[in-house]
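Working notes, structure below.
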Amino acid sequence: MSSPSERLRELGLTLPPVAAPVAAYVPAVRTGNLVYTSGQLPFVAGELPGTGKVGDAITLDEAVEQARHATLNALAAAAEQAGGLDAITRVLKLTVFVASSPFFTEQPKVANGASLLLGEIFGAAGDHARSAVGVSALPLDAAVELELLVEVG
Amino acid sequence: MSSPSERLRELGLTLPPVAAPVAAYVPAVRTGNLVYTSGQLPFVAGELPGTGKVGDAITLDEAVEQARHATLNALAAAAEQAGGLDAITRVLKLTVFVASSPFFTEQPKVANGASLLLGEIFGAAGDHARSAVGVSALPLDAAVELELLVEVG
Amino acid sequence: MSSPSERLRELGLTLPPVAAPVAAYVPAVRTGNLVYTSGQLPFVAGELPGTGKVGDAITLDEAVEQARHATLNALAAAAEQAGGLDAITRVLKLTVFVASSPFFTEQPKVANGASLLLGEIFGAAGDHARSAVGVSALPLDAAVELELLVEVG
């Protein structure tokens, strides 16, 4: 059994640096053995790969890719509080907000971008409860925002 | 005092089977004495009773009914992790997402469909914190999606 | 070091009375040392200061002010379960739903109204994880709804 950080490396992925806190909020908090992340946008090296609503300016495939980037950002935030990626013993809950045109109803396919990546990294410990909803607009006109609740050993 | 499962029977209701997991997510997870469900749609025997936005293709009454169905699905998912419906000692938090036309602002009335049913089944142990919001679109064009956080004895 | 209730007084603010429960839900619940609030609207003395979508009928400045009012209502609800404001030892998570026109993407600035107030009242213990999203409609056509998760000593 390889560790989550080994699997991440095998996938050719790295955790990005955690974005600096803005205003009076922080990327993640820990209480007991739970870590809650803030809502994460799909920043890649400080830039959003695309903006707009899914089903309109953003395609399903682009949204899936954004969900993967946002997941890496969420894991980076959680890992910082947990004491490293391998200190995360389980993924409990994923909430995915998809900026959606009223006609776009494939939010689960977008969220699968996040869920499948969590499975690849954590195996069975990545099995999580999930909600995926379509919202009217997201910060900076991002297409995806997601938050994680994880358990720490 | 009758048990939650007795009250469910007295109401003429049964818990539906739990839908099979899709992708790398599961219907509910347990950590300590908490169970988080995934967002539940109002499936009845594998079918959505109606699709579209509330205040547009879906009426308030239809949405209330959908909230009741989604609640039964959420309880089924939670009960499976808890070890049965009667192992749920308290309902803590309900989050209700209502696919809403911009002019529909009676999300609390839709959410009452869920809240009142939880009260009927759990009595005072069903008193929960709740958020109800209107979103632009939901998976499969469902009118209601909701998630539960419950406490296990 | 002044206490949260002293800082609230220094800011010239008071916690409003907690609104009476409606249907089978309550303003906040406690489990272990966590308190979850219901979604709070920006009621001031029982009235919403304005209604409509931000970026349309409601300006950014008005929405920031509404976020502050909703925060006071959330703290009142949490304090009642915690045994007073000063029994809240940490703010863990803030979720802010902003009723948004599809073109309004400054949800973080609206949420800062809540985050900064939490920082003013709790200092470093107010550092929280946060999600801010734009939704299509909120109860009673409110512009802002928010919920808090806090830790009790």
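Protein sequences appear in the order of chains P, Y and F. Residues in the first sequence are numbered from 1 upward in steps of one, following this note's numbering. Residues in the second sequence are numbered from 154 upward in steps of one, following this note's numbering. Residues in the third sequence are numbered from 307 upward in steps of one, following this note's numbering. Yeah, the Cβ is synthetic: ideal placement off N, Cα and C, and Gly gets one too. For clarity, every value in this text was computed on a predicted model and none was experimentally measured.
Not flagged as an interface residue toward chain F: residue 15 of chain P, since no C-beta distance is shorter than 7 Å.
For residue 135 of chain P, a Cβ of chain Y is located within less than 7 Å of the residue's own Cβ.
Counting along the chain, no beta strand (DSSP E) covers residue 326 of chain F, and no H or E run does either. For the stretch 126-153 of chain P, the set of positions with a beta-carbon nearer than 8 Å to some beta-carbon of chain Y reads 126, 127, 128, 129, 130, 131, 132, 133, 134, 135, 136, 149, 151 in chain order. Here residue 32 of chain P is exposed: its Cβ has fewer than 16 other Cβ atoms, across all protein chains shown, within 10 Å.
Between the C-alpha atoms of residue 296 of chain Y and residue 205 of chain Y there is a straight-line separation of about 6 Å. When secondary structure is reduced to three states using DSSP, residue 406 of chain F falls in the strand class.
Three or more Cβ pairs drawn from the stretch 245-252 of chain Y and the stretch 286-301 of chain Y lie within less than 8 Å of each other, which places the two stretches in contact. Within chain P, the residues placing a beta-carbon under 7 Å from that of residue 406 of chain F are 136, 137, ordered along the chain. Around residue 347 of chain F, no beta-carbon contact reaches into chain P at under 8 Å, the shortest distance being about 18 Å.
Beta bridge pairing from DSSP links residue 58 of chain P with P:54. Sequence-ordered contacts of the stretch 355-368 of chain F with chain P are nonexistent [C-beta pairs closer than 7 Å]. At a cut-off of 7 Å between C-beta atoms, residue 332 of chain F counts as an interface residue with respect to chain Y. Within the model, the alpha-carbon separation for residue 138 of chain P versus residue 410 of chain F is close to 8 Å. Approximately 20 Å separates the beta-carbon atoms of residue 383 of chain F and residue 416 of chain F; this is outside 8 Å, ruling out the contact.
Taking a C-beta distance under 7 Å as the contact criterion, residue 38 of chain P and residue 376 of chain F do not qualify as a contact pair. Taking all protein chains in view, the Cβ of residue 430 of chain F is surrounded by fewer than 16 other Cβ atoms within 10 Å, so the residue is classified as exposed. Residue 441 of chain F is not a Cβ neighbour of residue 280 of chain Y, given a cutoff of 7 Å.
Per DSSP, residue 266 of chain Y is one residue of the alpha helix (DSSP H) stretching across 260-275.
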